[in-house]
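Contents: one structure, followed by commentary.
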Amino acid sequence: MSRLALACEYDGTDFVGWQAQANGRSVQAALAEAISAVADEPVGVHGAGRTDAGVHADCQIAHFDTRAARTPRQWLLGINSNLPDDVSVQAVVPVPASFDARRSALWREYRYTIACRQTRPAQDRRFVWWLRDTLDCDAMTAAASAWLGERDFSAFRAAQCQSTTPMRRMLGIAIAKAPDRLELRFRANAFLYHMVRNLVGAMVAIGRGEQPVAWARELIASRDRSRGAATAPAQGLSLAAVGYPESFGVPIVPIGVRPLSGSVPEPERGLTPSSTASPTPSAPSSTRKGL
């Protein structure tokens, strides 16, 4: 048996989520079917994060085990030829048997995009949360500093969350502003069910002036989800990147994805307020890197 890792992107609009389910299309099942066709044997695939229904991925990392002998290029071309149009594998590489896409990850980074304009978007309506409001980015940035570090995120977890602990380490939060949109980025060791969407909902409430900056600290201290804002819609959210130890050979900046802006300390070094930044957005790099 050999183990391989892959990087894939997908439009989550028409999926029930990453995880295979009986009630609809899943990304996991689509990949497993495509990989099995190339391997000529049943193959299971395991992802770094279980994205929800309607949530996208710029770069989901997954691994699979197989007895089939194929070159990375053969895997790449073969898998993509068997995938639907809304999923695409960007790279396949061999990894040690000790690599696990979920358990080996040091951090995950999610991107949330908000379109701030008076008229509804048409071209990217499946990938943004449309708001007519003008949001106060300075207030949102100041509020987000209350969530950095090792915290109990009970106030931001959905009732259906199955995690055994609400403790998570938030490594960085960044806001990039353009004339008609905001891009929010969150990097943590892991996330609870609906955690990012609930954080975004709270930031928008503060950006609208519905809540003061101090409410962010009060909310997380309360550990009470019922005191929070409405959950942001799924379509604005995308899994942007997953980081691993360098020894596995999986780079932390994947294909076409900008790294989180600002200083993001290593987990063992603790956190500082400088981890939250409000950078000027830059154009995505045109350089496409392998996994």
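Numbering (the numbering used here), first residue to last: 4 to 294. Every residue, glycine too, gets a C-beta built ideally from N, C-alpha and C. These numbers come from a predicted model, not from an experiment.
In this structure, what does DSSP give as the bridge partners for residue i?
{"i": "Glu249", "result": "Paired residues: none, contrary to the question."}
{"i": "Gln24", "result": "Gly27"}
{"i": "Cys62", "result": "BP columns for Cys62 are empty, so no partner."}
{"i": "Arg184", "result": "Ala118 and Ala181"}
{"i": "His49", "result": "His66"}
{"i": "Glu36", "result": "Answer is none; Glu36 lacks a bridge partner."}
{"i": "Trp110", "result": "Gly246"}
{"i": "Arg171", "result": "Arg154"}
{"i": "Leu240", "result": "Tyr115"}
{"i": "Asp103", "result": "Answer by DSSP bridge pairing: none, since Asp103 is not bridged."}
In the DSSP assignment, the alpha helix (DSSP H) including residue i goes from what residue to what residue?
{"i": "Pro75", "result": "Pro75 to Ser84"}
{"i": "Thr144", "result": "Cys140 to Ala147"}
{"i": "Glu213", "result": "First-last for Glu213: undefined, no H or E at that position."}
{"i": "Ala219", "result": "Trp218 to Ser225"}
Please identify the residue among the options whose C-alpha is closest to the C-alpha of residue i.
{"i": "Ser5", "options": "Asn26, Gly20 and Ala42", "result": "Ala42"}
{"i": "Phe194", "options": "Asp227, Ala37 and Val245", "result": "Val245"}
{"i": "Asp88", "options": "Pro169, Phe18, Gly252 and Met206", "result": "Phe18"}
{"i": "Trp110", "options": "Asp68, Ile176 and Arg228", "result": "Ile176"}
{"i": "Gln238", "options": "Leu174, Asn26 and Thr116", "result": "Thr116"}
{"i": "Gln165", "options": "Met198, Arg128 and Asp14", "result": "Met198"}
{"i": "Gly57", "options": "Glu112, Arg129, His49 and Asn192", "result": "Arg129"}
{"i": "Ala118", "options": "Asp136, Leu80, Glu112 and Asp103", "result": "Asp136"}
{"i": "Ala104", "options": "Tyr113, Trp133, Glu221 and His49", "result": "His49"}
{"i": "Ser91", "options": "Asp68, Leu79 and Ala208", "result": "Leu79"}
{"i": "Gln63", "options": "Ile209, Ala142, Arg154 and Glu12", "result": "Glu12"}
Does residue i pass the burial test, meaning 16 or more other C-beta atoms within 10 Å, or should it be called exposed?
{"i": "Thr144", "result": "buried"}
{"i": "Gln163", "result": "exposed"}
{"i": "Ser229", "result": "exposed"}
{"i": "Gln121", "result": "exposed"}
{"i": "Ala35", "result": "buried"}
{"i": "Gly81", "result": "buried"}
{"i": "Arg220", "result": "exposed"}
{"i": "Asn201", "result": "buried"}
{"i": "Ala72", "result": "exposed"}
{"i": "Asp55", "result": "buried"}
{"i": "Glu112", "result": "buried"}
{"i": "Asp141", "result": "exposed"}
In terms of residues, what are the limits of the beta strand (DSSP E) holding residue i?
{"i": "Ser5", "result": "Ser5 to Tyr13"}
{"i": "Trp133", "result": "Trp132 to Leu134"}
{"i": "Ala295", "result": "Nothing in the structure corresponds to residue 295, since the chain is present only between 4 and 294."}
I need the straight-line Cα distance from residue i to residue j, nearest angstrom please.
{"i": "Arg53", "j": "Ala8", "result": "16 Å"}
{"i": "Ser84", "j": "Arg171", "result": "38 Å"}
{"i": "Ala147", "j": "Gln77", "result": "45 Å"}
{"i": "Arg106", "j": "Thr168", "result": "16 Å"}
{"i": "Gly20", "j": "Glu44", "result": "24 Å"}
{"i": "Leu86", "j": "Tyr196", "result": "27 Å"}
{"i": "Arg160", "j": "Gln126", "result": "31 Å"}
{"i": "Asp139", "j": "Trp218", "result": "15 Å"}
{"i": "Val253", "j": "Pro124", "result": "36 Å"}
{"i": "Ala158", "j": "Ser250", "result": "36 Å"}
{"i": "Gln31", "j": "Pro182", "result": "36 Å"}
{"i": "Gly204", "j": "Ala235", "result": "5 Å"}
{"i": "Ala233", "j": "Gln22", "result": "24 Å"}
{"i": "Arg70", "j": "Gln93", "result": "22 Å"}
{"i": "Asp227", "j": "Asp61", "result": "31 Å"}
{"i": "Glu153", "j": "Leu222", "result": "15 Å"}
Does the beta carbon of residue i fall short of 6 Å from some heavy atom of the ligand FAD?
{"i": "Asp43", "result": "The ligand FAD is not part of the structure shown, which contains no ligands of any sort."}
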